[in-house]
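What follows is a short report on a single structure.
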Amino acid sequence: GALYQEGKGTTQNYKEAARWYGLGAAQGDADSMVNLGRLYSKGLGVAQNYKIANKWWKTAAEQGSTEGQAKLGWSYILGQGNLENFVLAHMWLNLAAAGGHKDAANGKNKLSENMTPQQIADAQKLAKECLARNFKNCD
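Structure follows, in structure tokens:
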């Protein structure tokens, strides 16, 4: 999918990229899920659909993909495909940051400036519980 998405060695074709990412996602590949979600979020090669993007990001996040976790966190900040929810956004960004995702750490810190101490405590508790459940059934 990446070759078609980026036009490397072939003509750029987002529809074809989505098809290949879809095949990878169906096989359980988290990177394909994240990339397919990105195409849905931007409407590249597929009709823009934040709910479908979030479905793929959540599936990748549940596999431990820090990129999927970060994308899901940002979708909760923006209220795209999910209701705006800073507690869940913080939880997912916190998990991604703990896994080494640098942009997620910066996003979590910035988000914290707009949250109450209780919201942050709730998000941290949810993150701990989510981690204990191996990223399953976290929201």
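In the working numbering, the protein residues as written are 13 to 151.
Beta carbons: idealized from backbone N, C-alpha and C, even for Gly.
Between which two residues does the alpha helix (DSSP H) holding residue i run?
i    : result
N47  : A42 to K54
H102 : F98 to A110
E125 : Run containing E125: none; DSSP gives neither H nor E here.
Q81  : T78 to L90
R31  : Y26 to A38
K63  : Y62 to E74
A14  : A14 to E18
So the candidates are the options; which of them puts its Cα closest to the Cα of residue i?
i    : options                   : result
K67  : T128, G13 and K83         : K83
N94  : F147, K148 and K63        : K63
Y52  : W104, D41, A38 and A29    : A29
I132 : R145, W104, G111 and N149 : W104
G36  : A14, T22, G55 and K54     : A14
N118 : G55, G49, E18 and W86     : W86
N61  : G40, Q39, G91 and D43     : G91
S124 : F98, A109 and T23         : F98
Could you pull out every residue in the same chain whose Cβ sits closer than 6 Å to the Cβ of residue i, ignoring the five residues on either side in sequence?
i   : result
I89 : A101
Looking only at its own chain, which residues have a Cβ that is under 7 Å from the Cβ of residue i, when we skip the five neighbours before and after it?
i   : result
K27 : G57
What's the call for residue i, buried or exposed, on a 16-neighbour Cβ count within 10 Å?
i    : result
E96  : exposed
E74  : buried
N106 : buried
Q130 : exposed
R145 : exposed
G49  : buried
So, at 8 Å on beta carbons, what are the nonlocal neighbours of residue i in its own chain, with the 5 sequence-adjacent residues on each side left out?
i   : result
V46 : W68, W69, A72, S77, E79, G80 and K83
K54 : Q60
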